[in-house]
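Residue numbers (the numbering used here): 12 to 129.
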């Protein structure tokens, strides 16, 4: 993995044995699904729907883990825990901003690396 990349596909390539078509499939799903999940997280946060926020953060966690976005692996768990415990809500805006910016950058990197337009 290039050290400038936010993602690492080693778990995926190990799982599917370097099948480029399958790797592309996983990347396409990530690129399609993550913006929807982010939108759901942002909407739930803005409307203080904490159960929905927790649900969508939990759902997004598996994508972050699969693509080994190390920069966010702790943060997504922190978001989930803060919402679950209703503790330190003032930390949520910065964490959600970081989640948005890092995932959008990861998507841009994946699109570039896999020649995906759009």
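Glycine is no exception: its CB is placed at the ideal position from the N, C-alpha and C atoms.
Can you list, in chain order, the residues of its chain whose CB lies under 8 Å from that of residue i, leaving out five sequence neighbours each side?
i           : result
residue 95  : 65
residue 100 : 93
residue 103 : 56, 90, 93 and 94
residue 118 : 41, 42, 45 and 46
Check this for me: beta carbons of residue i and residue j, under 8 Å apart or not?
i          : j           : result
residue 74 : residue 41  : yes
residue 87 : residue 18  : no
residue 69 : residue 55  : no
residue 83 : residue 113 : yes
residue 90 : residue 107 : yes
residue 20 : residue 48  : no
DSSP three-state label for residue i, please.
i           : result
residue 36  : helix
residue 20  : coil
residue 15  : coil
residue 126 : coil
residue 99  : coil
residue 62  : helix
residue 80  : coil
residue 25  : helix
residue 44  : helix
residue 86  : helix
residue 31  : helix
residue 116 : helix
Give me, in chain order, the residues of the same chain whose beta-carbon lies closer than 7 Å to that of residue i; leave out the 5 immediate sequence neighbours on both sides.
i           : result
residue 22  : 77 and 79
residue 116 : 17
Please classify residue i as buried or exposed, where buried requires at least 16 neighbouring CB atoms within 10 angstroms.
i           : result
residue 105 : exposed
residue 12  : Confidence in residue 12 is poor, its pLDDT being 47 and thus under 50, which makes the residue's placement too unreliable to answer from.
Skipping 5 residues on each side, what residues in its chain have a beta carbon closer than 6 Å to that of residue i?
i          : result
residue 24 : none
residue 37 : 23
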